[in-house]
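Protein chains in written order, with the UniProt record's numbering: chain A, 1 to 151; chain B, 1 to 151. The beta carbon of each residue, even a glycine, is placed where N, CA and C say it ideally should be. Quick notes on the structure that follows.
Protein chains: 2
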Amino acid sequence: MINDLHKAILDLNGVLHSPRIENQVMQQAGVELDRALFPLLLRIGMRGPIGVVKLAEQVGRDHSTVSRQVAKLESLGLITRQSGQADQRMKEACITDSGQKLVRAIAHIHDGIVEKALEHWSESDREQLTILMRKLADSALSYVNIKIEQA
Amino acid sequence: MINDLHKAILDLNGVLHSPRIENQVMQQAGVELDRALFPLLLRIGMRGPIGVVKLAEQVGRDHSTVSRQVAKLESLGLITRQSGQADQRMKEACITDSGQKLVRAIAHIHDGIVEKALEHWSESDREQLTILMRKLADSALSYVNIKIEQA
DNA sequence: ACTATATATGTGTAAAATACACATATCATA
DNA sequence: TATGATATGTGTATTTTACACATATATAGT
């Protein structure tokens with residue numbers, strides 16, 4: 001049943017992105033970061049450098065809103081802005097060392113949860129799951145990219 | 001590498017919950033639903049009946065905010081409220097047929113993406129992935145529940 | 001049973017986030 | 001060059017949100 005897989009994915013995601021976990025991250029990292037800035041920082045860290053418009057599309061808010069939020073991230077020293085070398089219109093957001101540190105802190109907590117969950121698994125089960133999930137994520141990403149191109 | 005699994009999970013989740021997909025859902029379902037109401041409806045549909053406070057904890061907003069949003073979902077006919085049989089303080093949110101329909105529409109689109117991604121997979125790979133993911137999600141859920149009890 | 005405390009929900013209100021309208025700068029193309 | 005498209009940013013009205021407070025029910029201790 002595909003639906004079973006779907007539910008498992010939703011459950012897992014709910015765990016990783018619950019405010020409880022995000023608060024834990026902020027506490028452990030010693031940072032106070034508005035919840036709305038989290039997804040932006042993560043995307044800049046994992047997929048950056050990236051411009052305001054693309055960022056806005058990905059998080060589903062108006063570009064003007066994201067513009068202000070990115071400015072806030074910059075004032076916090078978590079990112080810097082630089083003109084795109086190919087397109088001078090863009091002022092791409094780039095993660096700073098300090099920002100990267102925070103992104104890693106988030107990833108580390110997530111990893112801890114996953115690691116704990118896999119604690120008693122056999123090595124082969126872990127490997128198998130990793131391979132299959134990577135394959136699934138790649139397929140899903142390309143599916144959405146096609147959709148993006150069509151839209 | 002656990003990190004590889006983590007990245008795959010994040011990627012997949014990003015695809016399923018991108019505004020692009022959510023907009024597609026609303027368009028296909030013929031419904032206009034504020035983005036903030038999506039996670040509430042999904043949780044009520046998949047984990048309901050559930051009270052305002054627990055819902056607020058899960059989505060990371062103040063209970064007063066969620067109270068108003070739940071009222072909005074009720075006025076839209078997507079949920080109903082009923083007093084908890086064990087605890088009369090709670091006015092649990094229950095999904096309606098109309099709400100369930102919308103939840104299913106969302107799930108259906110998600111399933112479509114996953115299905116497309118698994119299109120060329122062997123049956124045994126699919127089964128294996130589903131089993132492993134369910135196991136992982138269960139472990140992660142119980143991990144977080146322990147954390148919740150401690151907090 | 002009674003009191004005190006905790007929990008669930010809801011409302012009033014100020015602060016913050018957001019979208020829309022508009023402005024400017026850069027790019028792409030005829 | 002001239003024209004339209006795209007990226008970014010700012011002003012402003014609307015909406016969302018959190019905090020303070022109020023009410024109702026539950027739970028524990030006496």
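Chain-ordered chain A contacts of residue i [CB-CB under 9 Å]
i, result
"R134/B", "D4, L5, K7, A8, D11"
"A107/B", "N3, H6, K7, L10"
Residue interval of the alpha helix (DSSP H) (run including residue i)
i, result
"E57/B", "52-59"
C-beta atoms of residue i and residue j nearer than 7 Å
i, j, result
"T96/B", "I109/B", "no"
"G99/A", "M90/A", "no"
"G48/A", "P19/B", "no"
"A93/A", "I50/A", "yes"
"L73/B", "L37/B", "yes"
"A117/B", "L136/A", "yes"
"A29/B", "L102/B", "yes"
"V52/B", "S67/B", "yes"
"N23/B", "N13/A", "no"
"D11/A", "L141/B", "yes"
"R134/B", "A8/A", "yes"
"V31/A", "I106/A", "no"
"Q69/B", "L40/B", "yes"
Within chain B, partners of residue i - CB distance below 9 Å
i, result
"S18/A", "E57, Q58, V59, G60, V144"
Partner residues on chain A for residue i, Cβ-Cβ distance less than 8 Å
i, result
"R35/B", "G60"
Interface residues of chain B facing residue i [CB-CB closer than 7 Å]
i, result
"V103/A", "Result: empty, since nearest Cβ-Cβ is about 11 Å, beyond 7 Å."
"L40/A", "None at all; the shortest Cβ gap to chain B is about 13 Å."
Interface partners of residue i on chain A, CB under 7 Å
i, result
"D125/B", "L132"
"H63/B", "Chain A residues near H63/B: none, gap ~13 Å exceeds 7 Å."
"A117/B", "L136, S139, A140, Y143"
Where are the alpha helix (DSSP H) runs, 4 residues long or more, that stay fully inside the UniProt domain "HTH marR-type" (1-138) of chain A, in chain order?
2-16, 19-29, 37-47, 52-59, 63-75, 97-118
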